[in-house]
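Trainee: Got a structure here, written out as structure tokens. Questions coming.
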Amino acid sequence: MTTQVIKVFTPIKRVPTVVGKAQNGQKLPFGPYTLPQVAAASVLLLITSVCTLNSPVNPAVMFVIGLAVTAVVVFALGLVPYTGVRLTSRVLWLGRLVLLRRPASASGMPVDVESSRNTLFVEETVVAILAVEGGR
């Protein structure tokens, strides 16, 4: 009997890169953070600092408002599930749905007059599926 080596190649799964520790080795509060969260936090904090220095509003109030907006945006980005699809692609897709008020196809196929003529709207309903014991 001979032994055969079988190699099985599986696709690489995209794993999000996270930042969980500071340069001194301490864990970040409420972390780890994904790269989109870090990028959003740095951009929003930069905008907050510029607005704090150039706004006629009380600088302390402007800074607190900027920190609150930054915290909410970073928290909201943490709730976005990681599916392997780039976040920029998802934002562009969502922006297209919001800005272009015409039918859109998730498959990428263009929606034209002919396809809209043959498309049906199926009313959303609730279906109850009951399990039957005994294999009947």
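Read in order, the letters of the sequence shown are residues 184 to 319 in this note's numbering.
The beta-carbon is built from N, C-alpha and C at its ideal position, and this holds for glycine as well.
1. Kindly list the residues whose CB is nearer than 8 Å to the CB of V252, restricted to its own chain and excluding five residues on each side of it in sequence; keep chain order.
2. Between which two residues does the alpha helix (DSSP H) carrying T271 extend?
3. Grab me the residues of F246's own chain with a C-beta within less than 7 Å of its C-beta, minus the 5 sequence neighbours each way, in chain order.
4. What does the Cβ neighbour count give for R319, buried or exposed, with the cut at 16 atoms within 10 Å?
5. Does DSSP classify T231 as helix, strand or coil?
6. Assuming P212 contacts Y265 under a Cβ cut-off of 8 Å, what Cβ separation, rounded to an integer in Å, is found between them?
7. Apply the 10 Å Cβ neighbour rule to Q187 and answer buried if 16 or more other Cβ atoms are within range, or exposed otherwise.
8. Looking at the strands, I want to know which residues DSSP matches up with T217.
9. R269 to N241, Cα distance in whole Å?
10. Mapping DSSP to helix, strand and coil, what is R319?
Mentor: The short version:
1. Contacts found: L227 and T231.
2. L270 to L282
3. T231 and T235
4. Unreliable placement is indicated for R319, whose pLDDT of 49 sits below 50; no coordinate value is reported for it.
5. helix
6. No, P212 and Y265 are not in contact; Cβ-Cβ is about 21 Å, not under 8 Å.
7. Exposed is the call here.
8. Partner(s): V201.
9. Rounded to whole angstroms, R269 to N241 spans 39 Å at the Cα level.
10. Note that R319 scores 49 on pLDDT, short of 50, meaning its location in the model is unreliable; the coordinates nonetheless yield the value given after this. In this structure, R319 counts as coil in the three-state DSSP scheme.
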